[in-house]
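So the sequence lines, in the order shown, correspond to chains A and B.
Mapping of the first sequence onto the numbering used here: residues 1112 to 1422, in sequence order.
Mapping of the second sequence onto the numbering used here: residues 15 to 543, in sequence order.
From the three backbone atoms N, C-alpha and C, an ideal C-beta is built for every residue, glycine too.
Every value quoted in this text rests on a predicted model; they were computed, and no experiment measured them.
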Amino acid sequence: MLSFAIRRVLQTIPTVLAVVLLIFVLFSVVPGSIVSSMGDDGRGPTDPQVVERMKKQLGLDDPVYVRFGSYIAKLMTGDFGTSFRTREPVTAMIAKRMWPTLQLIFAALAFAVAVGVPLGFIAALRPGSIVDTVSMVLAVSGLSMAKFWFGLLLMYLFALKLGWLPSFGYGDGGLKNLILPAVTLGVSPMALLARTTRAAVLEIMTADFVRTARSKGMSETRVVTWHVMRNALVIILTAIGLQFGVVMGQAVVVEKLFSWPGIGSLLVDSVLQRDIPAVQGTILVVVLFFLTVNTLVDLLYGVIDPRIRYA
Amino acid sequence: MKFKMIAIAAGLGLALAAAAAAQTPRKGGTIRMTAPYGSSFTSMDIHTTPRAQDEIYAKALHRSLYIWDSTEGKPVLELAKEVTVSGGGLVHTFKLRDDAYFHNGRRMTADDIIWSYNRIMDGTKAYPGARFVRIIEGAAEVEKGQAKEISGLKKIDDFSLEMKLTEKVDPAFYFFTALTSIYPADEGGKEGFLQKPIGLGPFKFVEHVPGSRIVLDRWDRFYKPGKPYADKIVISLMGEAAARDVAFRNKEIDTSVLGPAQYVAYQADPNLKGTIVEVAEVFTRYMGMNPAFKPFSDKRVRQAINYAIDADLIINKLVKGKAYRATSWLPLTSPAYDKAMKPYPYDPAKAKQLLADAGYPNGFEFEWTTSQNESWGLPIVEAAIPMLDKVGIKVKVKQVETAVLAEVIRKGDFQAFIYSQATGPDPQASLKCFHSTTPQSACNYTNFKNTDFDKVIDEAGQTDEAAKRVQLLQKANALLFEEAPIWFFNYNKAVMAVQPWLKGIQLDATELTHQNVEDLWVDDTSPAK
Chain A
1112 MLSFAIRRVL
1122 QTIPTVLAVV
1132 LLIFVLFSVV
1142 PGSIVSSMGD
1152 DGRGPTDPQV
1162 VERMKKQLGL
1172 DDPVYVRFGS
1182 YIAKLMTGDF
1192 GTSFRTREPV
1202 TAMIAKRMWP
1212 TLQLIFAALA
1222 FAVAVGVPLG
1232 FIAALRPGSI
1242 VDTVSMVLAV
1252 SGLSMAKFWF
1262 GLLLMYLFAL
1272 KLGWLPSFGY
1282 GDGGLKNLIL
1292 PAVTLGVSPM
1302 ALLARTTRAA
1312 VLEIMTADFV
1322 RTARSKGMSE
1332 TRVVTWHVMR
1342 NALVIILTAI
1352 GLQFGVVMGQ
1362 AVVVEKLFSW
1372 PGIGSLLVDS
1382 VLQRDIPAVQ
1392 GTILVVVLFF
1402 LTVNTLVDLL
1412 YGVIDPRIRY
1422 A
Chain B
15 MKFKMIAIAA
25 GLGLALAAAA
35 AAQTPRKGGT
45 IRMTAPYGSS
55 FTSMDIHTTP
65 RAQDEIYAKA
75 LHRSLYIWDS
85 TEGKPVLELA
95 KEVTVSGGGL
105 VHTFKLRDDA
115 YFHNGRRMTA
125 DDIIWSYNRI
135 MDGTKAYPGA
145 RFVRIIEGAA
155 EVEKGQAKEI
165 SGLKKIDDFS
175 LEMKLTEKVD
185 PAFYFFTALT
195 SIYPADEGGK
205 EGFLQKPIGL
215 GPFKFVEHVP
225 GSRIVLDRWD
235 RFYKPGKPYA
245 DKIVISLMGE
255 AAARDVAFRN
265 KEIDTSVLGP
275 AQYVAYQADP
285 NLKGTIVEVA
295 EVFTRYMGMN
305 PAFKPFSDKR
315 VRQAINYAID
325 ADLIINKLVK
335 GKAYRATSWL
345 PLTSPAYDKA
355 MKPYPYDPAK
365 AKQLLADAGY
375 PNGFEFEWTT
385 SQNESWGLPI
395 VEAAIPMLDK
405 VGIKVKVKQV
415 ETAVLAEVIR
425 KGDFQAFIYS
435 QATGPDPQAS
445 LKCFHSTTPQ
455 SACNYTNFKN
465 TDFDKVIDEA
475 GQTDEAAKRV
485 QLLQKANALL
495 FEEAPIWFFN
505 YNKAVMAVQP
515 WLKGIQLDAT
525 ELTHQNVEDL
535 WVDDTSPAK
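Pasting the structure below:
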C-alpha cells in the first residue's frame, strides 16, 4: 500500500507541471493586464508613466520564457509569488481564503452524501415505486438547476420570507451563515450521488453473491447492509471523490453569490483584474487539492473492499 | 375654548419638538454599507489602488488634504484650516489642523504629509496617485530617482506646509481622493501596515475578512466635534446585484447600489420607492471615434453618427431611464456645464445628408469595440446597430473584457469604442484630455487635435478669474460638441437604495458610494441600532 501511495504521489507531478505550464501560457496570451484593469472602472485615466513603471516593476514586459523561468524557480521554493493587486504574498492570500472554502465544500458534500445516498438507496430498493419516481425527479431537478438561480431561491425563502437564516456573508464562520451556500453548492452532487447510488444498488441487487446470500436464508436487511451497501460504497466513494473537484469549481459562483470569502471569489476577481500570480497560485492549489482527494479515495478502496489489492 | 387653544398649541409644540428630535443625529449603532463593485477590496494600502470599490472603505479609514463636499459640489479643505495662495498662483501655504490624530494616537504634522507624498512618488513602486502629486514642483524628480524629497514641499513648522506647484491649478482637485491619503510617517512602510492600516479617518480598522467584509470602529479622537455618530461600520462585499437586492429587502444592509432593472423594480414598489436616492455622477458614456480610420476623420461623418442614433430611446427603453442624455462632454454636475446646450436630435435624414456630403452616400462599415457592460457596453451597441444601419452604416462588433477595453483604448487599437469616462469633477482637467498635447495613452483617446480648442483651453488655464475660466471652458465644451469626436450618449445617473433609518446620505457626484461616513447616522428603527 505504501509503495502504491508513493507511486500515486509521483504520478501527480507530471500533472501538476502540465497544469502550471498550461495556466502560465494561457494567461500569457490572453489580452489585458493588471495595468489595463486599473482603469477599467473609468474613474480616471491611467497615468502613462505609472503604467510604464508598473510594467517594469512587475516584469510584464519581460519575455515569456524569462517570466516562466522566474516563476518556476520561485515555485520550487514554495513561493507562489506576490499578488499584483494586493502586493501580498499569494500564499498568504490563499491561506486566508482556504478555510472558508474547505468549510463550504465539506458542508456541501456532507449534505450531498447525507441526502443523496439514502435517497438513491431507497429508490433502488423500491424500483418503479412512487418513492423511486419522486427521488429521481428531485435528483434530475437538482442536476439541472443553475446554482445562481437556486441560491437566490433559497435566499428568498429562508432569509426574506421565513427569516430563519442570513441571506449572505460569512458572519463568524458559524453554521447559520454556512447552511444556504452549502445547500446551494451541495444540490448537484446530492442529485448525482442519488442517481449513482440507485444505479449501483440496482446492479448489485441482481449480482450472484446477493442471490446466494438470499438463498442461504439471510434477512433482507442483512443482505442490503452487509452485501449490497458495502459493494456499492466503492462506486459511491469514487463518485464522491470526483465531486470534490466539481464542487470546488462550482464554489466560484456560490461564493460570489453569498459573499463567501473563499478562494473561488478570490479566483474570479484575480482573473478579472489579471492578477496573474494570484490566478496561478489559486488554480494550482485547487488542482493539488483535487489530486490529493483522489489519491486518498484510491487508497480508501482497499479499506472498504479488502479484495482490492494494490499492485 | 381656551383649553382647546392650549391643547392645539401644546400639540403643535410637541410635533415640532418631535420633528426636531427626528432630525437630531443619533449617536451609536452600526452602519451596514455595501461595496458593490466586485467581491474583494484590492488592497489595504490605499495608495496602491485607484478603484472606486476601495475608496468606499478608505473614506472611513483615511483622510486626504481635501475632501469632496457634496453640498458645495467641490473639494474643500479637510486636513488644513486655511490656505493662502501666493507666487502667482503657484505657491499654496496650508495652515494644518493641530487636532488630527492617527489611529495609533499620534498627532498629524506636516512631516506626515511630506512623507506620504514622497512615498507616492517612489519611482520604484508605481503608485497611481503619482499623477496627482506630480503637480508639486520637484515631485517628478523624486519619481525619476533624481531626488530623495519633493523640493516643492516645505515644512514651515509642525502645522504649516508650503506647496509649490508646477502649474496654476486648484490643488483641491488633485488632493481630495484616497489615492493621496495621509499616512503616519514611517508606519506606512512597515510590514504590519497592510494587516492593520492606520489612518486619520473617523473610523479605525478592526478586521478585514478578504472577500467578505471590513469592520471599522468609531475613532474617538476624530477631529470633527461630536462625529462620527455611529459606533461601527461594516462594509460588506456584495458584487451580485440580485443578492444585494434580497439582503436589502431583508434589512440586512443599509445601502445598495441599483442597476437599471432594479431601478425600475424599486420605483414600481411602493415599499421601496422612498428608499431611492439618485445623482448625476461625473461620468460621460460615449462612443469614441478614431480619426485614423478614414471616415471618422471627417467631422460630418462624426456628426452624422450623432444624428443617426436615437439616444433618448436607448436611455428610456434599455437603460430604463437610469441616465441623463448627454448634451456635451461635461456632465450636468460640472461647474462649467452649460444648461443652454441641446443634444444632437435624432434625425436620420440629416445624418444621411451629412454622410452624402462627406462622400459616403452608401454609408460604410466600421468595427465597434465594446465590453459587456449593461449600461455602456454590448446591449447599447446592439440597440444602435439597426439605427446606424438605417443610414447605411454597418457595424462589426468586437467584444472584449472591460480590463482589455481599457488597454485597447489607451493604445488606440480601435476604429470605435464605447466607454464610460470620468468627466469631472475638475472641468479643466477633463477637457484638457482633448488638448493636442495630451497623449492618446493619457486620456486623449480619440487623438483629438484642434488648434482653436487648444487656444481656449490654454487661455482658461492662464486666467485668474473663476467666472472667465468657466466661460472659456463652456466655449471649449461647445467646440468639442460641434467637432463631435465622440457620439455623446449619456451621463450616469447613480442610484442607491438607502434604508429609511440611515440618515445623512450625501449626493456625491464623483461617486455616490463614496460617503463621508462621519455624517451618517442611524435612527432607533435600525435593526443594528
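- For a Cβ distance threshold of 7 Å, nothing in chain B lies close to A1257(A): the least Cβ distance comes to about 12 Å.
- Bridge pairing for T383(B): K412(B), F431(B) [DSSP].
- Taken in chain order, the complete alpha helix (DSSP H) segments of 4 residues or longer contained in the segment 1314-1362 of chain A are 1319-1326.
- Bounds of the beta strand (DSSP E) holding V220(B) are 217-223.
- Residue burial is scored here from C-beta neighbours: M1187(A) has fewer than 16 other C-beta atoms within 10 angstroms and is therefore classed as exposed.
- It is roughly 30 Å from the alpha-carbon of K353(B) to the alpha-carbon of Y280(B).
- Each of F189(B), M47(B), G273(B) was checked against the Cα of R77(B), and the nearest Cα belongs to F189(B).
- Along the segment 440-466 of chain B, going in chain order, the ones with a CB nearer than 8 Å to a CB of chain A are C447, P453, S455, A456, C457.
- The C-beta of G1143(A) comes closer than 8 Å to at least one C-beta of chain B.
- Of the candidates V291(B), P349(B), S53(B), F378(B), the residue whose Cα lies closest to the Cα of S250(B) is S53(B).
- Under the criterion of beta carbons closer than 8 Å, V1365(A) and K1258(A) qualify as touching, at roughly 6 Å.
- If you draw a straight line from the Cα of W129(B) to the Cα of A282(B), it is about 52 Å long.
- Between D59(B) and chain A, the shortest Cβ-Cβ separation is below 8 Å.
- Non-local C-beta neighbours of A1223(A) in its own chain, meaning closer than 6 Å and more than five positions away in sequence, comprise G1297, P1300, M1301, L1304, ordered along the chain.
- The beta carbons of F502(B) and Y358(B) sit closer together than 8 Å.
- Rounded to whole angstroms, the separation of the alpha carbons of F1400(A) and V1382(A) is 20 Å.
- In this structure, G1192(A) places its C-beta atom within 8 Å of the C-beta atom of Y1182(A).
- Annotation: A1225(A) to V1339(A) spans about 18 Å, alpha carbon to alpha carbon.
- For S270(B), the enclosing beta strand (DSSP E) starts and ends at 269-271.
- If only complete runs of 4 or more residues are kept, the segment 1137-1172 of chain A shows the alpha helix (DSSP H) at 1145-1148, 1159-1169, in order along the chain.
- Taking 4 residues as the minimum length, the alpha helix (DSSP H) runs contained wholly in the segment 1166-1229 of chain A are 1175-1187, in order along the chain.
- Apart from the 5 residues on each side of it in sequence, D466(B) sits with its Cβ closer than 7 Å to the Cβ of L493 in its chain, given in chain order.
- Only R1164, M1165, K1166, K1167, Q1168, L1169 from the segment 1164-1193 of chain A bring a Cβ to less than 9 Å from some Cβ of chain B.
- Shown here, S540(B) sits in coil according to DSSP, grouped into three states, outside any helix or strand.
- Pairing V409(B) with W390(B) gives a Cβ-Cβ distance that is not under 8 Å.
- No Cβ-Cβ contact shorter than 8 Å links L193(B) with M177(B).
- Burial check for E379(B): the Cβ neighbour count within 10 Å stays below 16, so the residue is exposed.
- Comparing C-alpha distances from V1363(A) to each of Q1354(A), F1355(A), G1373(A) shows the shortest one belongs to G1373(A).
- The C-alpha of I1205(A) lies about 20 Å from the C-alpha of M252(B).
- Annotation: the continuous beta strand (DSSP E) that includes S174(B) extends over 174-178.
- The beta carbon of A294(B) sits closer than 7 Å to those of Y338, P345, L346, T347, Y505, K507, A523, all from its chain and outside the five residues before and after it, given in chain order.
- Boundaries for I328(B): no alpha helix (DSSP H) harbours it, and the DSSP string shows neither H nor E there.
- Judged by DSSP in its simplified three-state form, F1115(A) adopts helix.
- DSSP places Y277(B) in the uninterrupted alpha helix (DSSP H) bounded by 274-282.
- With 16 or more other CB atoms across the displayed protein chains lying within 10 angstroms of its CB, G1253(A) is buried.
- K517(B) sits in a strand when the DSSP states are folded into three classes.
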